[in-house]
Amino acid sequence: MLCAILAWPASAETRLPALNRVTGVAADDVLNVRAGPGVAHGIVGSLLPDTVVEVTATGGQGGRWGRINLGEGSGWVALRFLSALPGGTKAPPASCFGTEPFWTLDLADHAFRTPEGTMPTDPPVDVPSMNRPDRSGVIVATSQGSLRGIVRRETCSDGMSDALYGLSIDLFTADDGAILSGCCTLAR
32 MLCAILAWPA SAETRLPALN RVTGVAADDV LNVRAGPGVA HGIVGSLLPD TVVEVTATGG
92 QGGRWGRINL GEGSGWVALR FLSALPGGTK APPASCFGTE PFWTLDLADH AFRTPEGTMP
152 TDPPVDVPSM NRPDRSGVIV ATSQGSLRGI VRRETCSDGM SDALYGLSID LFTADDGAIL
212 SGCCTLAR
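Structure follows, in structure tokens:
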């Protein structure tokens, strides 16, 4: 039986990462994604109206810019063009992943993937921390063994791209005692 741990704290002081929707952009226009927090930085991409993005940090000009992931990297958008989704800061991660070895715990689609194959999982059971709003756990069961993980709200790099995530995880495998470390995302 495979189990994993991940729950999401519901604290007003814990704001990021958070899911947001692009708003205030005309249907025939785009929201520019910049290399840094401010209009002086070059444009590295764009977002269509109504696109849902995960903001992982704020900065620049009094915190009026939000860092998002875009492809294999990250960029910055003006927060005035984003609207927070209800529950967007309290949502459990949609997936967690790591490299060397490559693995993915897909909590939204109920699967654990490794180079050896894919194992279906039961829906996750969230376990909030009793004393740390920046930490949580989740329990997921499969027919192959158990996993236990701790998720932390902190900047995380997958080590393979320039993307920066707002959640990290240490995933413990009970069967062989290995620890898989990686990042998590709220975005699907």
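Heads up: the sequence shown at position 28 corresponds to 59 in our numbering, and the numbers run straight through without jumps.
Note that beta-carbon positions come from the ideal geometry of N, C-alpha and C, so glycine has one too.
Using DSSP's beta-bridge definition, name the partner residues of residue i.
i	result
E103	E103 pairs with nothing; no bridge assigned.
G97	T89 and V108
S192	DSSP, once it has assigned bridges, lists no residue as partnering S192.
V171	In DSSP, V171 forms no bridge with anything.
R179	F203
D157	V169
Can you check which of these residues, the options, is closest to residue i by C-alpha distance?
i	options	result
T130	I74, H72 and L211	L211
C127	D201, G208, L50 and E85	D201
S160	G180, T135, S77 and T54	G180
S174	H72, S199 and P151	P151
V171	L50, A139 and T145	A139
C187	A209, G104 and P117	G104
T149	D157, F133, V158 and P155	F133
L136	P154, A122, E185 and A109	P154
Put residue i into one of helix, strand or coil per three-state DSSP.
i	result
E79	Per the sequence presented here, residue 79 reads as Leu, with Glu not at that position. The answer is coil: DSSP assigns L79 none of H, G, I, E or B.
R163	coil
W146	The amino acid occupying residue 146 in the given sequence is Pro; Trp does not appear at that position. Coil at P146, not helix or strand.
E185	strand
G119	coil
G69	coil
S199	strand
S226	Because the chain in this structure spans residues 32 to 219, residue 226 falls outside the shown range and cannot be described.
D60	coil
R219	coil
L138	coil
R52	strand
Does the region 71-84 touch the region 50-59, meaning 3 or more C-beta pairs lie closer than 8 Å? yes
Any contact of the region 163-175 with the region 63-71, i.e. 3+ C-beta pairs under 8 Å? no
Would you call the region 184-197 and the region 86-100 in contact, with 3 or more CB pairs under 8 Å? yes
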